[in-house]
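Student:
Residue numbers (this note's numbering): 255 to 363.
#1: According to DSSP, simplified to helix, strand and coil, what is residue 329?
#2: For the alpha helix (DSSP H) that contains residue 293, what are its first and last residues?
#3: Ends of the alpha helix (DSSP H) at residue 300?
#4: Residue 292 and residue 306: beta carbons closer than 8 Å?
#5: Who are the near neighbours of residue 316 in its chain, counting only those whose CB is closer than 6 Å to its CB and skipping five residues on each side?
#6: Judging by CA-CA distance, which residue of 326, 333, 314 is the nearest neighbour of residue 362?
#7: Measuring alpha carbon to alpha carbon, tell me which of 287, 288, 310, 358 ends up nearest residue 297.
#8: Leaving out five residues before and five after residue 364 in sequence, what residues of the same chain have Cβ atoms less than 8 Å from its Cβ?
#9: Nearest to residue 287 by CA position, among 342, 358, 357, is which residue?
Below, the structure written as structure tokens:
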């Protein structure tokens, strides 16, 4: 009985380990894929700032919004940068910060 339990546990552990060439669908990989998609939709405002609008014809308030504007993108990129250390995310954060810095003064509270 013990040997069958041991081999069952061993089979489960080895079955969960990623194999060479396998696709890792862990949360960090999924977040990185989402960031890749997000960054591919970047709209350059000028050479140093950019935004990622969720849809066309957004007001400046919506472009700066936390939930579907640049402020939310900034939070996502910051956390992903902290988890991965990828310079691409830090560079995108700088462009996002520049956009928010240029436009937050126009947001009506």
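Even glycine gets a Cβ: it sits at the ideal position worked out from N, Cα and C. Quantities reported herein were computed from a predicted structural model and do not represent experimental measurements.
Tutor: On the basis of the coordinates in this document:
#1: Stepping through the chain shown from its first residue, residue 329 is reached at position 75. Helix, per DSSP.
#2: On the chain shown, residue 293 is found 39 positions in, with the first residue counted as 1. Its alpha helix (DSSP H) spans residues 281-294.
#3: Walking along the chain shown from the start, residue 300 turns up at place 46. No alpha helix (DSSP H) holds residue 300; DSSP gives it neither H nor E.
#4: For the purposes of this step, residue 292 is taken as the residue at position 38 of the chain shown. For the purposes of this step, residue 306 is taken as the residue at position 52 of the chain shown. It is a contact, given that the beta carbons lie within the stated cut-off.
#5: Sequence index remark: in the chain shown, residue 316 carries index 62 (1-based). Hits under 6 Å: 323.
#6: Locating residue 362 in the chain shown gives position 108, counting from the first residue. Minimum Cα distance to residue 362 is reached at 314.
#7: Position 43 of the chain shown holds residue 297. Among 287, 288, 310, 358, the Cα nearest to that of residue 297 is on 310.
#8: No answer is possible for residue 364: it lies beyond the span of the chain, which begins at 255 and ends at 363.
#9: For the purposes of this step, residue 287 is taken as residue 33 along the chain shown, with counting starting at 1. Nearest C-alpha to residue 287: 342.
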